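Engineer:
Numbering (UniProt numbering), first residue to last: 1 to 434.
#1: Does the segment 320 to 336 come within contact of the segment 409 to 424, defined as at least 3 CB pairs closer than 8 Å?
#2: In the segment 376 to 405, which residue ranges form an unbroken beta strand (DSSP E) of at least 3 residues, counting only runs that do not cross its ends?
#3: Does the beta carbon of residue 395 come closer than 8 Å to any beta carbon on chain D?
#4: The alpha helix (DSSP H) spanning residue 287 covers which residue range?
#5: Less than 8 Å separating the beta-carbons of residue 435 and residue 70?
#6: Exposed or buried, which one is residue 34 when buried takes at least 16 other CB atoms within 10 Å?
#7: Using a Cβ distance threshold of 8 Å, determine whether the segment 290 to 297 contacts the segment 109 to 129, with at least three qualifying pairs required.
#8: Between which two residues does the alpha helix (DSSP H) harbouring residue 64 extend?
#9: Three or more C-beta pairs under 8 Å: does that hold for the segment 169 to 181 against the segment 59 to 66?
#10: Rounded to whole angstroms, what is the Cα-Cα separation between residue 362 and residue 400?
#11: Answer with buried or exposed for residue 313, where buried requires no fewer than 16 other C-beta atoms within 10 angstroms of its C-beta.
#12: Which first and last residues belong to the alpha helix (DSSP H) in which residue 343 is found?
#13: For residue 53, is the classification buried or exposed, using 16 other Cβ atoms within 10 angstroms of its Cβ as the cut-off for buried?
#14: Within the continuous alpha helix (DSSP H) that includes residue 330, where are the two ends?
#15: Figure out for me which residue from 141, 23, 55 has the closest Cα to the Cα of residue 13.
#16: Let me know the alpha helix (DSSP H) ranges lying completely inside the segment 71 to 152, each 4 residues or longer, listed in chain order.
#17: Taking 6 Å as the limit between beta carbons, can you name the residues of its chain near residue 354, skipping five residues before and five after?
#18: Do three or more CB pairs link the segment 260 to 267 to the segment 101 to 116 at distances below 8 Å?
#19: Between the alpha carbons of residue 181 and residue 23, how many angstroms are there, rounded?
#20: Apart from the five residues just before and just after residue 367, which ones in its own chain have a Cβ nearer than 8 Å to its Cβ?
#21: Less than 8 Å separating the beta-carbons of residue 47 and residue 88?
#22: Output yes or no for whether 8 Å exceeds the beta carbon distance between residue 183 and residue 19.
#23: Cα separation between residue 173 and residue 66?
#24: Answer yes if the segment 30 to 45 comes into contact with the segment 376 to 395, meaning at least three C-beta pairs across the two stretches below 8 Å, and no otherwise.
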């Protein structure tokens, strides 16, 4: 991608991402177990999962505009890690469903701040030729956390099912210990981010900015491709306008890319929240639920590592289409395999296939959104993408919880699979070739 010294900023971001995502994916499954211990059912788990996205839904666009104005984003990324840590502490201290709801919302806000700032850094500094690889490595760090967090939580909670351990004070103590560890992991990202130079990326200012770039966008990587320069020039008139949500929405391809992103992220959230419930209904211990979620995260990590190679061989459209449809099919079979057949190893294989497919789509939707808009709109456009994601994260868990109430926890996962399939069908019918 670039000389090693030029990538220091990316490696620091990756380290912070590993810490925060390990914390996030440790905290969220354990939160489901804590709610069950407090007497909550599937509907409450769905509502708590939706609460995680409430504040991000409200503040995503304003934070995106802020990220575009800041000369350096080191502090914003560190604040995201700190707020996530506060949310984790609230989950650990929380003794009621209301406190868990509020703490989940704080956790989601911290994750939003971290993610917007991190994505905007890549949108600024990575050239179009290296953008897929940069987003791929950044989201690969997320996948490491998605693998490590559930493994750690499963190891801490142990091999007893909730039904066997729900009346045990020791089990409740292990739940709180896992939540404390998750909070500490998030807080560790704060000093890591301060290893990054405050003026990182400004050394490229000697290079002329792309047409239509404003002062905040002049920290991009040098050597932009001719296609990128042409696209920026064509979008200069549009880029001079304020990038409102309505204007971004009207850009060709943006609605489709956002639907795909929403569906992929909603699937991740619902898997994280509802797999403990599926496991509990099937008599699967928390440690094995952790392994299943970790296999999903590990497979997504592998797909993101090989994403640059895949994106050279196949179109982004084809890869996103496979991501949506393959994950819908594979993950839809996981609940019946566990509940009806008790085939844990087949469930592991399906989680691996589904996780690999899920891992392809998210970084590509980042690239598709970034390159569909003028360069000066990238921060707000990525924030708008996150608004769409958060709408899905609010609505989908609530719907999944309502579906799961009569059908059981498997219904929540099937609901998310249906949205994945619908997004894939839309892209197939539209015949997108991005």
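Beta carbons are placed, not taken as given, at the ideal position from N, Cα and C, and that holds for glycine. Keep in mind the model is a prediction, meaning the values are calculated, not measured.
Structural biologist: In this structure, then:
#1: yes
#2: Fully enclosed beta strand (DSSP E) runs of 3 or longer: not present.
#3: No chain D is part of this structure, which consists of one protein chain only.
#4: 286 to 305
#5: Outside the displayed span of the chain (1 to 434) sits residue 435, for which this structure offers no information.
#6: buried
#7: no
#8: 54 to 69
#9: no
#10: Cα-Cα distance, rounded: 21 Å.
#11: exposed
#12: Unbroken run through residue 343: none, as it is neither H nor E.
#13: buried
#14: 316 to 332
#15: For residue 13, the nearest C-alpha among the options comes from 141.
#16: Counting only runs of 4 or more, we get 74 to 93, 97 to 125.
#17: 327, 330, 331
#18: Segments in contact, no.
#19: 8 Å
#20: 131, 132, 135, 316
#21: no
#22: no
#23: 40 Å
#24: no
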